[in-house]
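If you read the sequence shown in this note's numbering, its first letter stands for residue 113, the second for the next number, and so on. All C-beta atoms, glycine included, are put in the ideal place defined by N, C-alpha and C.
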Amino acid sequence: MDLAAFRELEPLCWRAPSAHNTQPWRLRYERWAVTVGWDPADTLPAGDPTGRDLRLSLGAFVETCLIVAADAGLRLDWAADHDESDHRVGRLRPARQPYRTPFRTGDVWDRRTHRGRFTGGPDAGVLAAVDDVARRGGGAVHVVPATGRLGALLRAADRAVYADPAVAAELRRWLRLDPARPEYRTDGLSDRCLGLSRPAAAGLRTALAAYPVLRPLGLPRLLAAGDDPLARGGTVLALVAPPDLDTAGQVEFGRVLMRMWLTLHAAGLAAHPLSQLVDVGATRDAIGALLDVAPGRIVHVTRVGQPVTPAPRSARRVERGSPSVRTFA
Numbered sequence: 113m114d115l116a117a118f119r120e121l122e123p124l125c126w127r128a129p130s131a132h133n134t135q136p137w138r139l140r141y142e143r144w145a146v147t148v149g150w151d152p153a154d155t156l157p158a159g160d161p162t163g164r165d166l167r168l169s170l171g172a173f174v175e176t177c178l179i180v181a182a183d184a185g186l187r188l189d190w191a192a193d194h195d196e197s198d199h200r201v202g203r204l205r206p207a208r209q210p211y212r213t214p215f216r217t218g219d220v221w222d223r224r225t226h227r228g229r230f231t232g233g234p235d236a237g238v239l240a241a242v243d244d245v246a247r248r249g250g251g252a253v254h255v256v257p258a259t260g261r262l263g264a265l266l267r268a269a270d271r272a273v274y275a276d277p278a279v280a281a282e283l284r285r286w287l288r289l290d291p292a293r294p295e296y297r298t299d300g301l302s303d304r305c306l307g308l309s310r311p312a313a314a315g316l317r318t319a320l321a322a323y324p325v326l327r328p329l330g331l332p333r334l335l336a337a338g339d340d341p342l343a344r345g346g347t348v349l350a351l352v353a354p355p356d357l358d359t360a361g362q363v364e365f366g367r368v369l370m371r372m373w374l375t376l377h378a379a380g381l382a383a384h385p386l387s388q389l390v391d392v393g394a395t396r397d398a399i400g401a402l403l404d405v406a407p408g409r410i411v412h413v414t415r416v417g418q419p420v421t422p423a424p425r426s427a428r429r430v431e432r433g434s435p436s437v438r439t440f441a
């Protein structure tokens, strides 16, 4: 296995998506394989207590690695080997043939999360295509009805998230609202990617700094009312996993999620995750009732549509031209 060749590609692999852009994945280069694991310091124990988003992100990273390697002519496949105690999910290893995929490195590089305005949602053909991607992995994609009920659920989820001091502290840790700080260009959620103006970013920074004082005075409700992504257009989709998906299966379903996002990208569409609808138990249950599916099977909810303007590119710790040094022991 040409480890040096894969190391050169690693900055492209880091374009995979992750919750709060924490980039939790780590690579360990061995003689005949590359072990994929994660760093607990870059997880979200308060906002993602079950580790669902972590495992979906790791699966998305694995799929990205396979796509990038295949486009470069490297012959790799994937051997799942999930071990929580060792913080690993499996190994990239030599194969007889390159990974078979319709996607290219350019798709990985150009795909972006988009929190801006959409002119419309996916047509029937695109919906059928992403549903087919999910069904090949044992799941399905459902359109969440665009009703006032959905808006109310989103506001309720936002209030619940902002009302939890631990979750709010975690969000504050990963927000990047000051371009002068060095981490602004490495990870987290920047004001540009969140679509915030300078005054809005300053206001959010001030509000979260005063969170202990303002929380009892209604700050969670105020923050939840300050944004309405549904008003920016698009269609809301829910990704439904197979029944009884275990932790290792969530990693594999993260690969399905990545293929779903790239299918949308290939159709000229973008996605804006609405993870809070799944993270909050009451709203997840309500979405399950709307779709007539078991709530525990809903692993991802996202707003999808045709972007009005290009989205900013989110930061990465490993970029083109930089040394690939991200390993774990």
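Is it the case that the segment 218 to 235 contacts the segment 413 to 428, given that we only count it when at least three CB pairs across the two stretches are under 8 Å?
yes
Residue(s) in a DSSP beta bridge with T225:
Taking the first residue of the sequence shown as 1, we reach residue 225 at position 113. Paired residues: A383.
On the three-pair Cβ rule with 8 Å, is the segment 326 to 343 touching the segment 273 to 290?
yes
Which of helix, strand or coil DSSP assigns to P422:
Residue numbering aside, residue 422 sits at position 310 when the sequence shown is read from its first letter. The answer is coil: DSSP assigns P422 none of H, G, I, E or B.
Around the Cβ of R285, are there at least 16 other Cβ atoms within 10 angstroms (buried) or fewer (exposed)?
Indexing the sequence shown from 1 puts residue 285 at position 173. Exposed.
Where W373 falls: helix, strand or coil (DSSP)
Along the sequence shown, one-based indexing puts residue 373 at 261. The answer is helix: DSSP assigns W373 an H, G or I state.
Apply the 10 Å Cβ neighbour rule to T395 and answer buried if 16 or more other Cβ atoms are within range, or exposed otherwise.
Within the sequence shown, the letter at position 283 stands for residue 395. That one is buried.
Determine the contact status of L381 and V416, defining contact as a CB-CB distance below 8 Å.
Numbered from 1 along the sequence shown, position 269 holds the residue referred to as residue 381. Numbered from 1 along the sequence shown, position 304 holds the residue referred to as residue 416. Closer than 8 Å, so yes.
By the three-class DSSP mapping on this structure, what secondary structure does F215 have?
Within the sequence shown, the letter at position 103 stands for residue 215. Three-state result, F215: coil.
Out of R367, G393 and W221, which has the shortest C-alpha to C-alpha gap to A172?
Stepping through the sequence shown from its first residue, residue 172 is reached at position 60. If we check each option's Cα against that of A172, R367 comes out closest.
Do V256 and L403 have their C-beta atoms within less than 8 Å of each other?
Counted from its first residue, the sequence shown places residue 256 at position 144. Counted from its first residue, the sequence shown places residue 403 at position 291. Yes, they are a contact pair.
According to DSSP, simplified to helix, strand and coil, what is R147?
Mapped onto the sequence shown, residue 147 falls at position 35. The sequence given here has Thr at residue 147, not Arg. Here T147 sits in strand by DSSP.
For A131, report the span of its alpha helix (DSSP H) as first-last.
Start at 1 with the first residue of the sequence shown, and residue 131 comes out as number 19. Counting along the chain, A131 falls outside any alpha helix (DSSP H), and DSSP gives it neither H nor E.
Kindly provide the ranges of any alpha helix (DSSP H) runs that are 4 or more residues long and lie completely inside the segment 296 to 366, ordered along the chain.
303 to 306, 310 to 321, 323 to 326 and 331 to 337
With H, G and I counted as helix, E and B as strand and the rest as coil, what does DSSP make of V238?
Position 126 of the sequence shown, counted from the first residue, corresponds to residue 238. It is helical.
Among D193, S302 and H384, the one whose alpha carbon lies nearest that of A204:
The residue you call residue 204 lines up with position 92 of the sequence shown. Before going further, note that residue 204 is Leu rather than Ala in the sequence given. Checking every option, the nearest Cα to that of L204 belongs to D193.
Report the three-state DSSP secondary structure of R428 (helix, strand or coil).
Within the sequence shown, the letter at position 316 stands for residue 428. Looking at R428 - three-state DSSP - the assignment turns out to be coil, as it is neither helix nor strand.
Straight-line Cα distance separating D299 from A258
The sequence position of residue 258 within the sequence shown is 146, counting from 1. The sequence position of residue 299 within the sequence shown is 187, counting from 1. Straight-line Cα distance between these residues: approximately 33 Å.
Using the beta-carbon count (16 or more within 10 Å), is T134 buried or exposed?
Against the sequence shown, residue 134 aligns to sequence position 22. T134 is buried by the Cβ-count criterion.
Pair every Cβ in the segment 345 to 355 with every Cβ in the segment 406 to 413, then say whether three or more of these pairs are closer than 8 Å.
yes
Could you spell out the range, first to last residue, of the alpha helix (DSSP H) harbouring L265?
Translated into positions along the sequence shown, residue 265 becomes position 153. G260 to A275 is the span of the alpha helix (DSSP H), which, as asked, contains L265.
One or two residues paired with L204 in a DSSP bridge:
As a first step, residue 204 is located in the sequence shown; it is residue number 92 there, counting from the start. Its beta-bridge partners are V146 and W190.
Where DSSP assigns a beta bridge to V414, which residues make up the other side?
Indexing the sequence shown from 1 puts residue 414 at position 302. Val is not the amino acid found at residue 414; the sequence shown has Thr there. T414 pairs with L349 and P385.
If we ignore side chains and look at the alpha-carbon of each, how far apart do A117 and D195 end up?
Position 5 of the sequence shown, counted from the first residue, corresponds to residue 117. Position 83 of the sequence shown, counted from the first residue, corresponds to residue 195. C-alpha separation (whole angstroms): 27 Å.
If you reduce the DSSP assignment to three classes, tell me which class A181 lands in.
Counting from 1 along the sequence shown, the entry for residue 181 is found at position 69. A181 falls in the helix class under three-state DSSP.
State yes or no: is the beta carbon of G159 nearer than 8 Å to at least one beta carbon in chain B?
Protein chains in the displayed structure number just one, and chain B is not present.
Taking the alpha-carbon positions, what's the V363 to L139 distance?
Within the sequence shown, residue 363 is the residue found at index 251, counting from 1. Within the sequence shown, residue 139 is the residue found at index 27, counting from 1. Computed Cα separation, rounded: 16 Å.
D303 and L289 closer than 8 Å at C-beta
By 1-based counting over the sequence shown, the position of residue 303 is 191. By 1-based counting over the sequence shown, the position of residue 289 is 177. Contact: yes.
Examine the Cβ distances between the segment 122 to 131 and the segment 214 to 225 and report whether three or more of them are shorter than 8 Å.
yes
Which term fits G202, buried or exposed, when burial requires 16 or more other beta carbons within 10 angstroms of its beta carbon?
Here residue 202 corresponds to residue number 90 of the sequence shown, with the count starting at 1. By the neighbour-count rule (16 or more Cβ atoms within 10 Å), G202 is buried.
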